[in-house]
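Participant:
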Ligand code: FES
Ligand SMILES: [Fe+2]
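In the numbering used here, the protein residues as written are 563 to 988.
(1) Going by CA-CA distance only, name the one from 582, 811 and 902 that's closest to residue 857.
(2) What is the chain-ordered set of residues for which the beta carbon lies under 5 Å from any non-hydrogen atom of ligand 1?
(3) CB of residue 915 to nearest heavy atom of ligand 2: below 6 Å?
(4) Fully enclosed by the segment 777-857, which alpha helix (DSSP H) runs are 4 residues long or longer?
(5) DSSP on residue 675, reduced to helix/strand/coil?
(6) Measure the C-alpha to C-alpha separation of residue 967 and residue 953 and round it to an integer number of angstroms.
(7) Going by alpha carbons, who is nearest to residue 649 out of 691, 641 and 637?
(8) Which first and last residues belong to the alpha helix (DSSP H) in which residue 595 is found?
(9) So is residue 566 buried or exposed if we call it buried at 16+ other beta carbons inside 10 Å?
(10) Would you call the CB atoms of residue 901 and residue 779 closer than 7 Å?
(11) In chain order, what residues of the same chain lie with their CB nearer than 6 Å to the CB of residue 667, ignoring the 5 residues before and after it?
(12) Report the partner residues of residue 684 according to the DSSP bridge assignment.
(13) Quick one: complete alpha helix (DSSP H) runs, 4+ long, within the segment 869-910?
(14) Measuring alpha carbon to alpha carbon, tell me which of 794, 816, 795 and 796 ends up nearest residue 803.
(15) Would you kindly report the start and end of the unbroken beta strand (DSSP E) that includes residue 625?
(16) Would you be able to state if there are at least three C-beta pairs under 8 Å between the segment 901-917 and the segment 872-889?
(17) Note down the Cα distance separating residue 973 from residue 762, rounded to an integer number of angstroms.
(18) From 599, 736, 755 and 600, pick the residue whose C-alpha is nearest to that of residue 616; which is it?
(19) Give the list of continuous alpha helix (DSSP H) stretches no shorter than 4 residues that lie fully inside the segment 912-943.
(20) Which first and last residues belong to the alpha helix (DSSP H) in which residue 629 is found?
(21) Nearest-angstrom Cα distance between residue 818 and residue 845?
(22) What do you get for residue 764, buried or exposed, if any count of 16 or more other CB atoms within 10 angstroms of its CB means buried?
(23) For the 8 Å Cβ check, are there 3 or more pairs between the segment 738-750 and the segment 620-627?
(24) Assuming residue 724 contacts residue 641 (C-beta within less than 8 Å), just tell me the rounded distance between them.
(25) Please confirm whether residue 918 and residue 852 have their CB atoms less than 7 Å apart.
(26) Use the C-beta contact count for residue 820: other C-beta atoms within 10 angstroms, 16 or more gives buried, fewer gives exposed.
(27) Between the segment 858-866 and the segment 567-587, are three or more C-beta pairs nearer than 8 Å?
(28) Quick check on the DSSP output: the alpha helix (DSSP H) that includes residue 655 runs from which residue to which?
(29) Going by other Cβ atoms of all chains shown within 10 Å of its Cβ, with 16 needed for buried, is residue 847 buried or exposed?
(30) Can you give the Cα-Cα distance for residue 777 and residue 970, rounded to whole angstroms?
(31) Expressed to the nearest angstrom, what Euclidean distance is found between the alpha-carbon atoms of residue 785 and residue 659?
(32) Are there 16 or more other CB atoms within 10 angstroms of the CB of residue 620, so buried, or fewer, so exposed?
(33) Select from 924, 959 and 950 the residue whose C-alpha is nearest the C-alpha of residue 813.
(34) Please state whether DSSP places residue 570 in a helix, a strand or coil.
(35) Nearest to residue 580 by CA position, among 938, 944 and 942, is which residue?
(36) Closest to residue 874 by C-alpha separation, out of 742, 975 and 594, would be which residue?
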């Protein structure tokens with residue numbers, strides 16, 4: 563045992579067979595910018611659930627790779643996605659996070675999307691309906707039929723989730739997901755779902771670190787709640803970790819012993835069986851989707867995390883909780899309580915995860931001493947095997963055309979161990 567000299571710290575840790583990534587993939591702006599174009603513009607992303615736009619003309623807004631996006635349910639009931647940008651002179655169109663087009667916006671008309679700048683109007687299918695003083699200004703040179711909103715690839719699938727892709731002809735959603743949904747989909751598709759919880763948080767971390775904490779269970783030592791209800795229970799270390807093409811991964815189920823957590827306020831779904839359809843009682847399944855989506859199904863509640871990277875060290879995370887649409891009031895109350903007890907902003911699990919990744923960001927920041935970050939646990943594809951992390955970075959490396967362990971091609975130029983330098987090539 564020894565303390566690490568500067569040279570040792572900057573060379574690799576342990577045996578040369580231990581997989582790692584270079585910490586600059588979390589901290590460098592040039593890598594972040596490249597991720598935006600090579601990953602986030604080229605992935606199917608979960609943007610909402612259909613229950614969040616229940617009525618015709620309901621809408622929600624979001625952004626993908628900094629592009630404003632509007633999700634609109636048409637009068638025909640069909641959910642469509644558009645670039646939320648006016649084709650006239652580029653102003654953003656819908657400016658609220660959610661609402662209904664039934665109410666006219668200021669200077670607009672009901673049922674129409676009206677740009678606040680020069681009042682061009684569009685319907686919920688993206689057709690232009692009105693250009694004020696069109697003939698006076700454009701004569702025959704511009705008709706309403708010449709313009710319209712830019713419609714994006716959009717599908718509703720896997721239990722009513724709305725998926726959007728910025729590219730014109732993306733790989734089909736079902737092909738992108740492959741068999742990754744096979745294990746969890748039966749529980750999501752058996753009955754209509756409904757979002758009962760949605761909160762957003764801007765977290766000081768790189769989005770990949772958040773996805774990592776959703777992809778490895780070794781850190782369950784940090785969670786007192788998980789230690790008591792899961793880690794000490796039979797079957798925990800047998801949970802199977804499986805990787806799928808395009809960077810996705812799943813974790814198989816186990817029965818969680820919520821009663822092992824002794825607290826007068828906590829009696830999670832044990833007394834009444836509210837576990838999701840077809841799920842074993844108090845089962846727990848997880849699906850991680852590249853590049854930043856997690857579906858976490860624990861007995862009575864489903865949690866969805868979606869990441870929107872803001873910079874190399876900030877990410878907007880949206881947390882949703884879902885139950886069954888047919889819930890009675892008391893069932894829903896129970897599900898909400900189960901969800902919030904673990905995953906609410908003041909729950910017994912979520913704040914610890916947030917603390918974990920923000921502490922990583924304090925240790926790895928732009929210009930900081932470089933680090934080899936280990937992803938090297940191998941336990942026969944069981945729960946503490948970091949196969950999910952390694953699989954994610956295989957896909958990441960493929961997309962970027964850079965190695966996650968050697969993002970600047972330094973090791974490739976040298977047979978010697980790579981000295982990490984603070985800061986990346988900019
Ligand atoms: S920018 Fe939208 S109407 Fe002019
Ligand atoms: Fe965690």
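Every residue gets a Cβ at the ideal spot worked out from N, C-alpha and C, and that includes glycine.
Facilitator: So, to answer that:
(1) Translated into the one-based positions of the chain shown, residue 857 becomes position 295. Checked all of 582, 811 and 902; the closest Cα to residue 857 is 811.
(2) 648, 650, 651, 653, 677, 679, 680 and 682
(3) Along the chain shown, read from residue 1 onward, the residue named residue 915 stands at position 353. Yes.
(4) none
(5) One-based indexing of the chain shown puts residue 675 at position 113. Looking at residue 675 - three-state DSSP - the assignment turns out to be strand.
(6) In the chain shown, the residue the question calls residue 967 occupies position 405. In the chain shown, the residue the question calls residue 953 occupies position 391. Answer to the nearest angstrom: the Cα atoms are 13 Å apart.
(7) Residue 649 sits at position 87 when you count from the first residue of the chain shown. If we check each option's Cα against that of residue 649, 691 comes out closest.
(8) Within the chain shown, residue 595 is the residue found at index 33, counting from 1. Here the alpha helix (DSSP H) through residue 595 covers 591-600.
(9) Here residue 566 refers to the residue found at position 4 when the chain shown is read from its first residue. Residue 566 should be labelled exposed.
(10) Numbered from its first residue, the chain shown carries residue 901 at position 339. Numbered from its first residue, the chain shown carries residue 779 at position 217. The answer is no: Cβ separation not under 7 Å.
(11) The residue you call residue 667 lines up with position 105 of the chain shown. Correct list, in chain order: 676.
(12) Position 122 of the chain shown holds residue 684. Answer is 675 and 690.
(13) 891-905
(14) Residue mapping note: residue 803 aligns to position 241 of the chain shown, counting from 1. Selected option, being the one with the closest Cα: 816.
(15) Taking the chain shown and counting its residues from 1, one reaches residue 625 at position 63. Note, residue 625: beta strand (DSSP E), 620-626.
(16) yes
(17) Within the chain shown, the letter at position 411 stands for residue 973. Within the chain shown, the letter at position 200 stands for residue 762. Straight-line Cα distance between these residues: approximately 39 Å.
(18) Along the chain shown, one-based indexing puts residue 616 at 54. Looking at the Cα atoms, 755 is the closest of the given residues.
(19) 912-925
(20) Counting from one through the chain shown, the residue named residue 629 turns up at place 67. Looking at the DSSP string, residue 629 is not in any alpha helix (DSSP H); the run it does join, the beta strand (DSSP E), is 629-635.
(21) One-based indexing of the chain shown puts residue 818 at position 256. One-based indexing of the chain shown puts residue 845 at position 283. In a straight line, the C-alpha of residue 818 is about 6 Å away from that of residue 845.
(22) Indexing the chain shown from 1 puts residue 764 at position 202. Exposed is the call here.
(23) no
(24) Here residue 724 refers to the residue found at position 162 when the chain shown is read from its first residue. Here residue 641 refers to the residue found at position 79 when the chain shown is read from its first residue. That belief holds up - the Cβ atoms of residue 724 and residue 641 are roughly 6 Å apart, short of 8 Å.
(25) The count along the chain shown starts at 1 and reaches residue 918 at position 356. The count along the chain shown starts at 1 and reaches residue 852 at position 290. Cβ distance not < 7 Å, so residue 918 and residue 852 don't count as in contact.
(26) Start at 1 with the first residue of the chain shown, and residue 820 comes out as number 258. Looking at its Cβ environment, which holds 16 or more other Cβ atoms inside 10 Å, residue 820 is buried.
(27) no
(28) As a first step, residue 655 is located in the chain shown; it is residue number 93 there, counting from the start. First-last for residue 655: undefined, no H or E at that position.
(29) Along the chain shown, one-based indexing puts residue 847 at 285. The residue in question, residue 847, is buried, as its Cβ has 16 or more Cβ neighbours within 10 Å.
(30) Stepping through the chain shown from its first residue, residue 777 is reached at position 215. Stepping through the chain shown from its first residue, residue 970 is reached at position 408. Cα to Cα, the separation comes out at about 25 Å.
(31) The sequence position of residue 785 within the chain shown is 223, counting from 1. The sequence position of residue 659 within the chain shown is 97, counting from 1. So the alpha carbons of these two residues sit roughly 33 Å apart.
(32) Counting from one through the chain shown, the residue named residue 620 turns up at place 58. Label assigned to residue 620: buried.
(33) For the purposes of this step, residue 813 is taken as residue 251 along the chain shown, with counting starting at 1. Answer by Cα proximity: 950.
(34) Here residue 570 is taken as the residue at index 8 of the chain shown, counted from 1. Reduced to three states, the DSSP call for residue 570 is helix.
(35) Position 18 of the chain shown, counting from 1, holds the residue named residue 580. The option with the nearest alpha carbon to residue 580 is 938.
(36) Translated into positions along the chain shown, residue 874 becomes position 312. Looking at the Cα atoms, 594 is the closest of the given residues.
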